[in-house]
Each structure stands twice: as C-alpha cells, then as structure tokens.
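Inspection log for the structure reproduced underneath, given as structure tokens.
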Amino acid sequence: SVPVDPDEDLYSRLKSLQRQLEFFEIQEEYVKDELKNLRRELLRAQEEVKRIQSVPLVIGQFMEMIDQNNAIVGSTTGSNYYVRILSTINRELLKPSGSVALHRHSNALVDVLPPEADSSISLLSQSEKPDVAYNDIGGCDIQKQEIREAVELPLTHHELYQQIGIDPPRGVLLYGPPGTGKTMLAKAVAHHTTASFIRVVGSEFVQKYLGEGPRMVRDVFRLAKENAPAIIFIDEVDAIATARFDAQTGADREVQRILMELLNQMDGFDQTVNVKVIMATNRADTLDPALLRPGRLDRKIEFPLPDRRQKRLVFQ
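Here full-length UniProt numbering is used: the sequence shown runs in plain steps of one and ends on residue 316.
If you want it as structure tokens, here you go:
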C-alpha cells in the first residue's frame with residue numbers, strides 16, 4: 001500500500017474547512033440581506049396597519065368566527081357581512097356581540113373595541129348621584145321601609161339571608177299614579193347606597209336598528225355585574241314591558257324581543273345576587289305577567305295618592 005503523507009492529509013482538511021468557512025460567510029451575508037429586507041417589509045406592513053386603523057372606521061358587531069382569517073359581522077345598517085380579519089388582531093378578544101371596528105370601504109375587521117365602547121349606558125359617579133335623602137321625602141314611611149328591606153339590606157347584610165336560608169328579593173316594582181314619589185324614592189336609594197347605580201329610562205331601549213335594544217339590555221346587566229354590588233333603576237318600564245300579544249309590525253316585535261332579553265337577564269342562567277333591579281311605572285296593569293312573577297320582581301311597592309296625614313307630612 002502507498003503510504004499516506006500526514007501533512008498532505010492535514011492540508012486537505014484545512015482546505016475543506018476553509019471552503020466550508022467561505023460557504024458559511026456567504027450564507028451569513030445572504031441571511032443578513034434577507035433580514036434587512038424582512039425588516040423593511042415589517043415596517044411597511046406596520047405603517048399600512050396604522051394607515052388602515054387611522055382612517056375613520058365603521059363600528060360593527062362581531063357575530064361569528066368562520067376560521068382564523070374570516071368572520072361574520074353585523075353593521076349598523078342591519079346587514080351582515082362575511083369579512084376578513086386583520087392578521088394582527090388577537091383572536092381571543094373576539095367575542096359574540098362584541099363591538100369591533102370595520103374598514104370603511106372593505107368592511108374588513110381591523111380592531112376590537114373595549115366592551116364599554118359604543119354604549120350609552122354608564123354608571124352614576126359619586127358626584128352625579130342625586131342629593132335627595134330619605135328625610136327629604138314627606139310621608140311614604142311604609143314605602144321607604146319596604147324598599148330599604150328589599151334593596152339595601154340584601155346588599156349590606158347578605159349573610160343574614162344565608163343564615164335564615166331564604167333568597168333575597170331580586171327585583172322591586174314601584175307603581176302608582178304619577179307624582180306620588182316613585183322616582184324620588186329611587187333617587188334617595190342612589191344617594192344613600194354605596195353600591196354602583198345605573199339609571200335608564202325604558203324608552204332608551206327602543207332603538208332604530210334591529211337587535212340594538214336587546215344589546216343595550218345586555219350592556220346594562222354586564223356593566224352591573226362588572227361593578228357589583230350594583231342597583232339598576234329602570235324608569236317608565238311600561239315602554240318595553242307591556243303584555244305580549246300577536247304583534248303585526250316590526251316595531252312591536254322588536255319591543256317584545258327587548259322584553260324577552262330583560263326577562264332572561266333577570267332570571268336566566270347567569271344570575272347574580274349582587275345586582276338588584278328597581279322598576280317604576282304608573283301603568284302596572286299593562287305589564288307582562290312573566291315580569292311580575294316571583295323570582296323576577298319579588299316585591300311590589302304601591303304608591304297611593306297621599307291622604308290628609310301624608311299631605312301634612314309633605315308640607316312639613
């Protein structure tokens with residue numbers, strides 16, 4: 001056999017390693033150039049996303065996720081659209097009935113709005129709470145005691161109800177002729193309680209577009225649960241809670257859908273003991289029987305016209 005020169009073997013290995021080193025250096029230069037190009041593309045994409053999100057956007061409602069890139073959304077015009085989702089959107093934030101921002105021309109989903117966005121419902125701050133105390137209301141002694149027992153006591157001393165083993169009232173109906181102090185007593189409750197207080201008028205739920213009213217009802221109860229303990233006061237509830245009938249017009253059917261959403265929120269699966277509902281009306285005879293049953297409006301407090309003693313207390 002021919003003897004192998006060790007120096008020649010080492011030299012060939014050196015040449016091989018040098019070639020590999022040159023190859024890796026070329027690869028490194030290529031990767032650096034590619035990285036620069038990708039960074040430029042990333043900057044361009046980020047600028048494009050900013051440009052898309054900076055133009056005036058349309059507020060819509062997320063309805064259903066089809067896949068990772070497409071979804072069905074509802075617009076304020078009442079139409080539903082099959083749209084693309086911007087790749088930078090966090091898919092976990094997309095919840096049914098949530099508010100989203102849509103591109104003005106393509107209707108693509110470009111942003112997710114916080115839950116309180118596009119909502120006309122808000123909490124009464126401490127400075128906004130009315131300065132009406134119980135002592136400012138002349139007469140109505142029985143009504144004051146009943147509403148404090150039904151609303152304030154379960155929120156401040158819930159453990160008493162647990163010890164006795166009874167469920168506290170979930171809702172209270174204030175009814176009687178106009179001008180007998182129903183809304184004023186609710187103002188006194190808002191003044192004295194430390195719980196969050198939400199005030200709405202029944203007619204606010206009747207909106208122009210289909211589905212807006214039930215969504216507002218959900219927003220009210222969602223806001224109350226997030227800020228529990230809370231009290232919801234719905235004034236003039238007969239605007240949305242009249243007895244159901246065979247509706248002939250779309251407006252009547254929408255009002256009935258609002259009532260059904262209200263019934264579900266008051267006595268549905270997602271019930272909470274830390275949210276109390278006070279409703280006021282001067283037409284209790286027109287209300288739907290399902291709203292008046294125990295478990296929804298447990299206590300009915302009547303405000304009759306004042307007698308001579310009550311009138312004397314009013315003027316004192």
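Don't be surprised by glycine CBs; every beta carbon is placed ideally from N, CA and C.
Those residues which DSSP pairs with residue i across a bridge
i    : result
M65  : A71
I301 : L174
A101 : I59, D111
R287 : Sequence check: residue 287 is Leu here, not Arg. DSSP, once it has assigned bridges, lists T242 as partnering L287.
D167 : D167 pairs with nothing; no bridge assigned.
A80  : Rather than Ala, the amino acid found at residue 80 in this sequence is Asn. G74.
V200 : I234
V275 : A230
T281 : Y175
I85  : L109
Selected residue, minimal CA-CA separation from residue i, among the options
i    : options                : result
D246 : A190, Q20, Q256        : Q256
E74  : Q68, F62, F233, R84    : Inspection of the sequence shows that residue 74 is occupied by Gly rather than by Glu. Residue F62 is the option with its Cα nearest to G74.
T194 : A239, P130, G138, R222 : P130
K95  : C140, T286, G60        : G60
H103 : S203, P114, Y82        : Y82
L287 : N274, I240, F303, D267 : I240
R312 : K36, C140, L113, L10   : C140
P242 : N80, P114, T88, T281   : Going by the sequence as given, residue 242 is Thr instead of Pro. Residue T281 is the option with its Cα nearest to T242.
I66  : E236, V55, R84, E128   : R84
Q68  : R91, T76, V55, R51     : R91
E159 : L38, D285, R199, N274  : N274
R244 : S106, R293, P289, D267 : P289
R148 : R308, K276, P306       : K276
N107 : E47, V55, K32          : V55
A133 : H192, D285, H157, T76  : H192
Contact under 9 Å by Cβ, residue i with residue j
i    : j    : result
V58  : A101 : yes
V206 : I258 : yes
G211 : G78  : yes
F315 : P177 : no
A188 : K144 : yes
V151 : I234 : no
R283 : D252 : no
N80  : I89  : no
S97  : V112 : no
G138 : Q310 : yes
8 Å contact criterion, which residue i and residue j should meet: CB distance rounded
i    : j    : result
L155 : I278 : With a Cβ gap of about 12 Å, L155 and I278 do not count as contacting.
L263 : L223 : Contact doesn't hold; Cβ gap of about 19 Å is too wide.
A109 : L86  : Checking the sequence, you will find Leu at residue 109 rather than Ala. That pair is a contact at about 6 Å.
F197 : Q265 : With a Cβ gap of about 17 Å, F197 and Q265 do not count as contacting.
S203 : E236 : 6 Å
Open item on the list: For the structure I just gave you, are there three or more beta carbon pairs, one from the stretch 160–168 and one from the stretch 217–232, closer than 8 Å?
Closed with: no
Open item on the list: Below 8 Å, how does it come out for the stretch 169–186 and the stretch 293–301: are there three or more Cβ pairs, yes or no?
Closed with: yes
Task: Stretch pair the stretch 176–183 + the stretch 219–228: three plus CB contacts closer than 8 Å - done: Cβ pair count under 8 Å is below three, so no.
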